[in-house]
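These notes concern the structure reproduced below.
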Amino acid sequence: MLRLLLLLIVVFIAYRIFNWTRNYSTARSYGLPILLIPVSFQGVWWMPLRPLFAWVKSLPFGLGDWYLYTTMGWPTEDGNRSLLKYGENFVLCSPSENIIVTAQNSVVEQVWTTRAPSQDGVEWYMPGSQAKLFAFYGENVSSTNGEAWKRHRKITGSAFNERTVEHVWDEAVSRAARLELNSSNGARFSLAKVRSTLDVVAMQILTTVGFGQETDLVTVGPGHKLSLMDSLGFVLENIMLTILFNSLKAPDMILPKLLRKLKLSVKEFKLYMEESVLRHFQAVRSKPEGAGGRPTSLLEAMIRANETGKDEGHKLWLTDSELYGNIFVFNLAGYETTSSTFTFALSYLAAYPEIQEWVREEIDIHYTPSKQRYTENFPKLVRTLAIMYETLRLASHTPMFVKTPNDRTTIRITTPNSSSIEVNPGTLIGFNNYGAHLSPKWGQNPEIFDPTRFIANNRLVVPENVLYLPWMAGPRVCPGKKFSQVEFVGLMADILKSWRVETVRKEGESEEMAREKLLSVLDEKYFHVSCHLKRPGMGEVRFVRRF
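So the sequence shown is numbered by our numbering: it starts at 68 and just counts up by one.
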């Protein structure tokens, strides 16, 4: 038995070495710098094992440098270091595949922003190993390709309309006004507390605007064992375990405590989704839009579009499981990214008080904190929106998304010897978003928080000749892009209208020392669904009421 086990191990290692050698030979033909990594972040089996190998980072002579590149969120930790060391294009060569990592404009335009199929008939698609990661409740707009994706996009896209963003504005302003940010002497908030406070605000806005549900997020609903906040929060907190074990059918008695709680959380959140869909379905059937019914939430708008597709007899509608799949990814994106972006933005404003005064000058002139003023307020708050743009440049929420062609094709990529290379199906192209966002193309100090780089003639603009894709781009741009922008501006405008956010000085610290300490905390990030701080308890800010 031992001999058989050893034989299987030897065969496995030999097979991987053979594939690695073959992939390396192909990678050399590209003429790009090559980084050899023994495992790829594409391997789902590697996810639970990766923490066990964290020690390799400490190996001498750079022997453990490969470890960084074995998670799809590696650009978040890397920043622009790999771009400065290897250039805009390089190859991650593993036994599984070659990943051409790029931050070059022409490549990203060809692979991500061109409508499918391209002029040569080639379609670029996200491989299932990545696309299906968050499809455990059902297929969704993120997990599908081709005609299936068009069907999902048509139904989900119809929900993100101007009526929805007006509702977002009203709710964001209302929630911001109710925030309790300090005591009489200006309470200190650790960045962990800032994040947890904003987690609740983001979920309140999402449940109200997204699902038309005014509810106490921490109260366990009738027929439930967990609250909405607890169930969704636990699933997101343990998202990798959810991906690996959500379909496990083992009885609870043999599962460890963590997996029992995870199994219950997955089940409970699905029950909350089922109840919400049923409630909105009944509302749609009782009052059709043509009979005076108007969507009161994003979900209701989506269900109305879906029912219209069914009634008209065509195939552009979603099944129940697909509705649940899309509801989950909307929660995934709308909850985590909102609180993360706001945590970073407020922290940067504390560290750069001159920028805070610059944006407040605009808010004091143009912002009127009252309902039904979205159309008057939002278009004028360009500096406030620039704060969001600059925050997402420095703290993006997108991991390394990859695409592969469905046929052999040529990509326009700069190498030492040519301006193009040929790639086969199975070769992956990965967008290095942090490398692009922190490229020297942005100027002399791309690491510095400076939202004025997005302002020209009092208008919001993205500078020329740079790559800026926090919401991705092309046909698959994030459908909630406008939703997130309006939510951010509404929250930020109302908070800065009434509060100043400041750094916290410890005894013996100067203002500059406190500022540098806060910035050092903001520099240490990692990816887990969204961008997170490694040491959130070490950074502090305080809120002081202006009047």
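Virtual Cβ for every residue (Gly too), placed ideally from N, Cα, C.
Between the alpha carbons of K324 and L331 lies a gap of roughly 11 Å.
Fewer than three pairs of CB atoms, one per stretch, sit closer than 8 Å, so the region 195–202 makes no contact with the region 524–535. If you look at H599, you'll find it isn't in any alpha helix (DSSP H); it sits in the beta strand (DSSP E) that goes 597–600.
Exposure of G575 is indicated by the presence of fewer than 16 other C-beta atoms within 10 angstroms of its C-beta. Around the beta carbon of S364, a 10 Å sphere encloses 16 or more other beta carbons of the protein chains shown; the residue is thus reported as buried. With the rule of 3 Cβ pairs closer than 8 Å, the region 153–171 counts as touching the region 478–488. Beta bridge pairing from DSSP links R609 with R255, E569. DSSP, reduced to helix, strand and coil, places P603 within a helical segment of the structure shown. Counting every other CB atom within 10 Å of its CB across the protein chains shown gives T138 a total of 16 or more, marking it as buried. Around the beta carbon of T386, a 10 Å sphere encloses fewer than 16 other beta carbons of the protein chains shown; the residue is thus reported as exposed. In the structure shown, the three-state DSSP call for A215 is helix. In the assembly as shown, I430 is a buried residue. Its beta-carbon has 16 or more other beta-carbons within 10 Å. E144 and K601 have their C-alpha atoms some 10 Å from each other.
For I84, the uninterrupted alpha helix (DSSP H) segment begins and ends at 69–97. DSSP places F336 in the uninterrupted alpha helix (DSSP H) bounded by 324–353. Shown here, L299 sits in a helix according to DSSP, grouped into three states. Y419 sits in coil when the DSSP states are folded into three classes, being neither helix nor strand. In this structure, F301 lies near K328, with their beta-carbon atoms less than 8 Å apart. Annotated three-state conformation of G502 is helix, per DSSP.
Taking the Cα positions, P162 is about 30 Å away from S506. Secondary structure note for K152: its alpha helix (DSSP H) is the uninterrupted segment 148–153. By DSSP's assignment, Y441 forms no beta bridge with any residue.
Three or more Cβ pairs closer than 8 Å define a contact, and the region 468–475 falls short of that threshold against the region 143–160. DSSP places I306 inside the alpha helix (DSSP H), whose first and last residues are 306–312.
The C-beta distance from F397 to G277 rounds to 6 Å, short enough to meet the 8 Å contact threshold. A contact between stretches requires three or more CB pairs, one per stretch, nearer than 8 Å, and the region 224–231 fails this requirement with the region 253–271.
Counting along the chain, P142 sits inside the alpha helix (DSSP H) bounded by residues 141–145. According to DSSP, residue pairing for F594 in a beta bridge involves C598. The beta-carbon distance between I496 and V533, rounded to whole angstroms, is 19 Å. This is too long to meet the 8 Å contact definition. Put simply, the region 420–429 does not touch the region 590–609. Fewer than three CB pairs are less than 8 Å apart. Rounded to whole angstroms, the separation of the alpha carbons of T435 and E443 is 9 Å. Residue state for T471 is assigned as strand, using DSSP reduced to three classes.
The beta carbon of G502 sits closer than 6 Å to the beta carbons of N147, L150, A170 from its chain, once the five residues preceding and following it are set aside; these are given in chain order.
Counting along the chain, no alpha helix (DSSP H) covers V178, and no H or E run does either.
Residue pairing of F278 in beta bridges, as defined by DSSP: absent, with no partner found. In this structure, the beta-carbon distance from L390 to V351 does not fall below 8 Å.
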